[in-house]
Amino acid sequence: MLWGPSEFDVRHILTVNYLYQLPFFRQQTGFVGKALGGWQIAGISQFQTGLPCSVAGPNDYAGVGLDSNFNCGVNGQYWVMNAKPKIIGTFGPNGQWFQTCLVNASPCPDGSAAFNGVDERVFTPPAQGTFNTQLVRDIIYQPGFQNWNLDLFKKFAMGEKRGFEFRAEAFNVWNHPNWCGASGCSSTTNIGLNPTNTKTFGKVLIKGGGSSGSGERNLQLSLRFFF
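Just so you know, the sequence shown maps onto residues 1 to 227 in this note's numbering.
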C-alpha cells in the first residue's frame, strides 16, 4: 500500500470576518449627515492552501488494472519520481505549476523526454510488469485559494420602525484569479497530472473559484424596505 496525504488534505484554512463603521459625517446634522453619515463596511476573506494530487499515467504497467484517481488526476499507475518536483508557484514558462524536468533548459516546459541524449524527466514510467513502490501518492499540491467579499451598507430610518436599507456588495472585490487548485471548480483535473500528455503536464489548466463560480468580480445592489 502506498501511503500519502488524502486528496482532501487542506493544510491551512483562514477565514476572517469584519465589520467597520465609517467615521465620516457621523456627527453631521441635516441632509449631509443623513445621506453621508452612518455607512458601514462588512466583509469576509477566505484563504486556503491547495489540494494534493498524484502523478500517474493511464497505462497498466503492472498488468493488474488501473488504480482509481479518487477524483484527482487520471486513472492509472504511479510514475517513478527521479527527484522531488519543484513547485514553481508563480507559473513558469508556458504556465508551468511544477517543474517536469531535472534541468533548467528549454526542453523542460514542454515535457520533452531527453536533453543532450539523457532522460532528464522528473517522472518516468515504471518498467513493464512492475509497480512503483515509492511514496508518491498525492505529492503535488495544487494552487491555493483566496477570496474577498465586501459589503457597503446603510440604513435610512423613517421613524422608529420603518426605513430603507441600501447595500452595495462585491464578490471577489479585487478580481483576484483562483486557479482551481483548492475549490470552486467542477472539473476534477485542475493541473496537468498526466505525464503522457506533454502539452498539459505540469501546467495550470482551468481558471475558476471565488464566490461567483467562474472567479470574476460580481457586483450587486439592493434596496430593502423594512417595517
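Beta carbons are placed, not taken as given, at the ideal position from N, Cα and C, and that holds for glycine.
Item                                                                                    : Value
C-alpha gap between L135 and K84, whole angstroms                                       : 11 Å
Pair within 8 Å by beta-carbon distance, N172 and E216                                  : yes
Cβ-heavy atom distance, V74 to the ligand MG, below 7 Å                                 : With respect to small molecules bound, the structure shown includes none, and the ligand MG cannot be examined in it.
Distance CB(F145)-CB(K154) smaller than 8 Å                                             : no
Per-residue DSSP class, three states only, for G192                                     : strand
Proximity test, Cβ basis, 8 Å: A56 and chain D                                          : The structure shown contains no chain D; it is built from a single protein chain.
Run of the beta strand (DSSP E) containing G163, from where it starts to where it stops : R162 to F171
Where A35 sits in the DSSP three-state scheme                                           : helix
Span separating the alpha-carbon of T143 from that of P58                               : Looking at the sequence shown, residue 143 is not Thr but Pro. For P143 and P58, the distance between alpha carbons rounds to 23 Å.
Member of G65, L51 and F226 whose CA lies at the smallest distance from the CA of M158  : F226
With 16 other Cβ atoms within 10 Å as the buried cut-off, status of I140                : buried
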